[in-house]
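Residues 1 to 150 in our numbering are what the sequence shown lists, from first letter to last. Don't be surprised by glycine CBs; every beta carbon is placed ideally from N, CA and C. A quick write-up on the structure given underneath.
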Amino acid sequence: MTPPIMQRAIKRLHGPSLKLATRSATHRGHASAVAAAAAKRPSNGPKPMLDIKHIRQHPELYERTCRERLYAAQADNPAKIIALSEQLVQLQHSGRGLRERANLLRRVLANPATLTDDSTLESLKALSREELHADARRIKEELARRDAAR
Numbered sequence: 001m002t003p004p005i006m007q008r009a010i011k012r013l014h015g016p017s018l019k020l021a022t023r024s025a026t027h028r029g030h031a032s033a034v035a036a037a038a039a040k041r042p043s044n045g046p047k048p049m050l051d052i053k054h055i056r057q058h059p060e061l062y063e064r065t066c067r068e069r070l071y072a073a074q075a076d077n078p079a080k081i082i083a084l085s086e087q088l089v090q091l092q093h094s095g096r097g098l099r100e101r102a103n104l105l106r107r108v109l110a111n112p113a114t115l116t117d118d119s120t121l122e123s124l125k126a127l128s129r130e131e132l133h134a135d136a137r138r139i140k141e142e143l144a145r146r147d148a149a150r
């Protein structure tokens, strides 16, 4: 037979307090725990997106937060994001003229009789069809090269 001190110790281990401690938060009935369990998204659900615009507007906030959370390697990322955004804008602006020229060539090649009079169109109308095609191919290759660099 076990001594009474051991019996009391065993009772305490198997008592109701141990069961409450092992129950999940949702079984305890806390509203915040129930809401937290319901807020979990499934593993195949949409992932949260970073707000790139906010990072570009407040890079010092993100740098400071990374340093406070001991993510020193990621603290430089806001500056990299800003540099890449500026590079993207420059590439888009530099390719705009080529896209406009490609659109004009497309219109001239499609139906030159229906075009309105424009000084740019007049210079294109003076070119032969083969020259227009060669110019269009050159522009297409240049745009493809720029898009690949992006």
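Three-state secondary structure assigned by DSSP to residue i
{"i": "Leu84", "result": "helix"}
{"i": "Ala136", "result": "helix"}
{"i": "Lys53", "result": "helix"}
{"i": "His93", "result": "helix"}
{"i": "Leu70", "result": "coil"}
{"i": "Asp76", "result": "coil"}
{"i": "Leu124", "result": "helix"}
{"i": "Asn103", "result": "helix"}
{"i": "Pro4", "result": "helix"}
{"i": "Pro42", "result": "coil"}
{"i": "Pro59", "result": "helix"}
{"i": "Pro112", "result": "helix"}
Cβ-Cβ separation, residue j to residue i (assumed contact under 8 Å), whole Å
{"i": "Leu143", "j": "Ala102", "result": "7 Å"}
{"i": "Glu63", "j": "Pro42", "result": "With a Cβ gap of about 33 Å, Glu63 and Pro42 do not count as contacting."}
{"i": "Ile139", "j": "Leu98", "result": "5 Å"}
Proximity of residue i and residue j at Cβ, strictly below 8 Å
{"i": "Lys125", "j": "Val108", "result": "yes"}
{"i": "Leu105", "j": "Leu132", "result": "yes"}
{"i": "Pro59", "j": "Ile82", "result": "yes"}
{"i": "Ala73", "j": "Arg67", "result": "no"}
Whole-angstrom distance between residue j and residue i, CA atom to CA atom
{"i": "Gln57", "j": "Arg145", "result": "31 Å"}
{"i": "Gln92", "j": "Ala149", "result": "12 Å"}
{"i": "Ser123", "j": "Thr65", "result": "57 Å"}
{"i": "Glu130", "j": "Glu86", "result": "38 Å"}
{"i": "Arg137", "j": "Glu100", "result": "14 Å"}
{"i": "Lys47", "j": "Ile55", "result": "18 Å"}
{"i": "Met49", "j": "Lys40", "result": "16 Å"}
{"i": "Pro3", "j": "Leu70", "result": "54 Å"}
{"i": "Ala90", "j": "Asp147", "result": "Note that residue 90 corresponds to Gln in the displayed sequence, not to Ala. Near 12 Å, if we compare the C-alpha coordinates of Asp147 and Gln90."}
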